[in-house]
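Protein chains in written order, with numbering that gives the first Met the number 0: chain A, 0 to 67; chain B, 0 to 413.
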Amino acid sequence: MIFMTIGQLIGHLSNQHPYLDPGSGSILIQLLLAGLLGAGILLRASWSRIQKLFKRGKPDQVEDEDDE
Amino acid sequence: MMNSQVHPASFRDPSGFLFRQDGVLYRQVNRSYQEEYGLLNSSGLYAELVEKGWLVAHAEVDLEPEQASLAFKVLRPELVEPISYPYEWSFSQLKDAALRTLSIQKRALKKGMSLKDASAYNIQFRDARAILIDTLSFEVYKPGRPWVAYKQFCQHFLAPLALMAKRDVRLNQLLRVYIDGIPLDLASQLLPASTRLNFGLSAHIHLHASFQRKHASSAEKASSRRAGMSQQGLEGLIDSLRAAITSLSWNPSGTEWGDYYSETSGHYSDAASLHKMEIIEKFLDQVAPLSAWDLGANTGVFSRAASRRGILTVAFDIDPAAVELNYLACKKNKETNLLPLVLDLTNPSPAIGWSNRERPARPSAGATGSVCPFWSVDRWMLSWHWRSFITWLSQTMCPCPSWRIFSNRLGVGW
Numbered sequence: 000m001i002f003m004t005i006g007q008l009i010g011h012l013s014n015q016h017p018y019l020d021p022g023s024g025s026i027l028i029q030l031l032l033a034g035l036l037g038a039g040i041l042l043r044a045s046w047s048r049i050q051k052l053f054k055r056g057k058p059d060q061v062e063d064e065d066d067e
Numbered sequence: 000m001m002n003s004q005v006h007p008a009s010f011r012d013p014s015g016f017l018f019r020q021d022g023v024l025y026r027q028v029n030r031s032y033q034e035e036y037g038l039l040n041s042s043g044l045y046a047e048l049v050e051k052g053w054l055v056a057h058a059e060v061d062l063e064p065e066q067a068s069l070a071f072k073v074l075r076p077e078l079v080e081p082i083s084y085p086y087e088w089s090f091s092q093l094k095d096a097a098l099r100t101l102s103i104q105k106r107a108l109k110k111g112m113s114l115k116d117a118s119a120y121n122i123q124f125r126d127a128r129a130i131l132i133d134t135l136s137f138e139v140y141k142p143g144r145p146w147v148a149y150k151q152f153c154q155h156f157l158a159p160l161a162l163m164a165k166r167d168v169r170l171n172q173l174l175r176v177y178i179d180g181i182p183l184d185l186a187s188q189l190l191p192a193s194t195r196l197n198f199g200l201s202a203h204i205h206l207h208a209s210f211q212r213k214h215a216s217s218a219e220k221a222s223s224r225r226a227g228m229s230q231q232g233l234e235g236l237i238d239s240l241r242a243a244i245t246s247l248s249w250n251p252s253g254t255e256w257g258d259y260y261s262e263t264s265g266h267y268s269d270a271a272s273l274h275k276m277e278i279i280e281k282f283l284d285q286v287a288p289l290s291a292w293d294l295g296a297n298t299g300v301f302s303r304a305a306s307r308r309g310i311l312t313v314a315f316d317i318d319p320a321a322v323e324l325n326y327l328a329c330k331k332n333k334e335t336n337l338l339p340l341v342l343d344l345t346n347p348s349p350a351i352g353w354s355n356r357e358r359p360a361r362p363s364a365g366a367t368g369s370v371c372p373f374w375s376v377d378r379w380m381l382s383w384h385w386r387s388f389i390t391w392l393s394q395t396m397c398p399c400p401s402w403r404i405f406s407n408r409l410g411v412g413w
């Protein structure tokens, strides 16, 4: 079932004629990693919500701070 | 009569292209990009990125388009000069360019857009800060769709950075050969086996390469609107790439010229350095060029004589450690008008890409009458064919009549 969906997705992307070739293998590994890492983000978000309950008043972390 | 020409590097993207008209650089936005261009503005993404200095600003102009049948708008982008290429950057320059690309992608996702390409050639440096110069790099984000530029990002940024950090810093020179980034199967073979224990490198390079090999021809022609990648998953992927890149480091030490000016090196006494600086400053004040190239700049001690005068200066050196130290100093001190680049003058950056015109060779990449090269180093001139060098400098590289070589061995004022 999962592979059917992935196959359809790749077919869909290849029919879009993007000017950049995303690569079939690159799409597949993204889907695999996104499943894992997305779950990680959910866990992290839940954990930070729990932490917030105990640390009121502390400002959220500034995004991209290591970029400057 | 108008003198107009499409930029030779601007043929890949159907959304638009760069062209020059009467010497001024413009960008044509095609009608096929109308929706994306509209969202870029209406979502506030353009304004936010420009305000941060992450994206080049532009003005919409009323000008005859280069290809009127396709045209939606003509933009006049702010110039970012000089243009440089990833194989001329030091480790931290490439790393900062990678992190900037990821930050832009995250901001774009929040505004309902996504980067449709993640080419290192779309990033340039202005005052030691990485800036995206391709306004047409964004597409409308469709929930469920994977990141179309993921493979390109890994090839252009992650693979060379991993090779530089984990194998040898000179391996970014592979980017000269592979214009669309280092193939991941090659990177995977060249990286030490220990990198398989690093989650980021293992997933985004080794496993990625193996998936590419196994599924090279598995694209099915079935069409469907269904898709399977959540935005949360995509953000997780971006965070993971960021973590992988942030963890990579390289210590610029123990190389050829890293300690050239240090007290223990014995190359220069303080008095000699001061004297040379005085002469260079006097020369710069006399000529007052708009831009200068310091050829063999080391960590840029003498380049700063020019950049501090507001002269746009490129500090070229063959040693990646010297260029790295120079760039880190520029960044730390928020210096302006100075761009350190890696360049071997005996084998300078060649013209590469489609028809050998996509990326010009370094001597012609920025040489104009206003560029004034000065050679501030006296280290290898006599061991190389210096007569050939001087002929090349005066005839091929730069039409500026005021170029100078400052050398203790050859005497001042060539």
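The beta carbon of each residue, even a glycine, is placed where N, CA and C say it ideally should be.
Remark: C-beta atoms of Lys110 (chain B) and Leu44 (chain B) approach each other more closely than 7 Å. Using a Cβ-Cβ distance cut-off of 8 Å, the stretch 34-41 of chain B and the stretch 84-91 of chain B are not in contact, since fewer than three pairs of beta carbons, one from each stretch, lie closer than that value.
Of the candidates B:Ile317, B:Glu80, B:Tyr32 and B:Leu24, B:Tyr32 places its Cα closest to the Cα of Leu69 (chain B).
Three or more beta-carbon pairs drawn from the stretch 283-291 of chain B and the stretch 299-308 of chain B are found closer than 8 Å, and the two stretches are therefore classed as touching.
Interface annotation for the stretch 146-157 of chain B against chain A: Trp146, Val147, Ala148, Tyr149, Lys150 and Gln151, criterion Cβ-Cβ distance under 7 Å. For Pro76 (chain B), the uninterrupted beta strand (DSSP E) run begins and ends at Ala70 to Pro76, by DSSP. Look at Ala328 (chain B): its C-beta is not under 7 Å from any C-beta on chain A. Within its own chain, the residues whose Cβ lies closer than 7 Å to the Cβ of Leu48 (chain B), once the five positions on either side in sequence are excluded, are Leu54, Ile103 and Arg106, listed in chain order. Counting only unbroken stretches of 4 or more residues, the alpha helix (DSSP H) elements lying wholly within the stretch 165-229 of chain B are 173-176, 183-189 and 207-213, in sequence order. Taking the Cα of Ser248 (chain B) as reference, the smallest distance to any Cα among B:Leu93, B:Ala328 and B:Ile130 is reached at B:Leu93. For the stretch 21-41 of chain A, residues whose beta-carbon sits nearer than 7 Å to a beta-carbon of chain B comprise Pro21, Gly22, Ser23, Gly24, Ser25, Ile26, Leu27, Ile28, Gln29, Leu30, Leu32, Ala33, Gly34, Leu36, Gly37, Gly39, Ile40 and Leu41. Annotated three-state conformation of Leu17 (chain B) is strand, per DSSP.
Taking C-beta atoms as the reference points, Gly352 (chain B) and Ile178 (chain B) count as a pair closer than 7 Å. A distance below 7 Å separates the beta carbons of Leu240 (chain B) and Leu101 (chain B).
Look at Ala117 (chain B) here: in three-state DSSP terms it is coil, with no helix or strand label.
What Ala202 (chain B) touches in chain A, judged by beta-carbon distance under 8 Å, is Ile28 and Leu32, going in chain order. The beta-carbon of Met112 (chain B) is placed no less than 7 Å from the nearest beta-carbon of chain A. Contact between the stretch 132-148 of chain B and the stretch 111-119 of chain B is present, with at least three C-beta pairs closer than 8 Å. The beta carbon of Gln188 (chain B) sits no closer than 7 Å to any beta carbon of chain A. Beyond the five residues adjoining it in sequence on each side, Asn121 (chain B) comes within less than 7 Å, by CB distance, of Leu131, Ile132, Asp133 and Ser136 in the same chain, given in chain order.
Residues of the stretch 204-215 of chain B with a C-beta less than 9 Å from any C-beta of chain A: Leu206, His207, Ala208, Ser209, Phe210, Gln211, Arg212, Lys213, His214 and Ala215, listed in chain order. By the rule that beta-carbons nearer than 7 Å mark a contact, Leu135 (chain B) does not touch chain A. Within chain A, no residue has its beta carbon less than 9 Å from that of Gln27 (chain B); the closest one is some 16 Å off. Contact between the stretch 146-156 of chain B and the stretch 70-81 of chain B is not established, with fewer than three Cβ pairs separated by less than 8 Å. As DSSP reads the structure, Gly143 (chain B) sits in a beta bridge with B:Met228. Listed along chain A are Ala33, each with a C-beta nearer than 7 Å to that of Leu233 (chain B). Taking a Cβ-Cβ threshold of 8 Å, the residues of chain A close to Asp238 (chain B) are Leu36 and Ile40, in chain order. Of all alpha-carbon atoms in B:Ala202, B:Leu294, B:Gln188 and B:Arg175, the one lying nearest the alpha-carbon of Pro349 (chain B) is that of B:Arg175. A Cβ-Cβ distance of about 7 Å is found for the pair Ala215 (chain B) and Ser23 (chain A), placing them in contact under the 8 Å criterion. The beta carbons of Ala243 (chain B) and Gly199 (chain B) sit closer together than 7 Å.
By the neighbour-count criterion, in which 16 or more other beta carbons inside 10 Å mark a residue as buried, Pro319 (chain B) falls on the buried side. Pro319 (chain B): not part of any beta strand (DSSP E); member of the alpha helix (DSSP H) spanning Pro319 to Lys331, first to last residue. According to the DSSP assignment, Tyr149 (chain B) belongs to the alpha helix (DSSP H) that extends over Tyr149 to Phe152. In the three-state scheme derived from DSSP, where H, G and I count as helix and E and B as strand, Asp316 (chain B) is classed as strand. Against chain A, the CB of Met228 (chain B) has a partner CB under 7 Å away; the residue lies at that interface.
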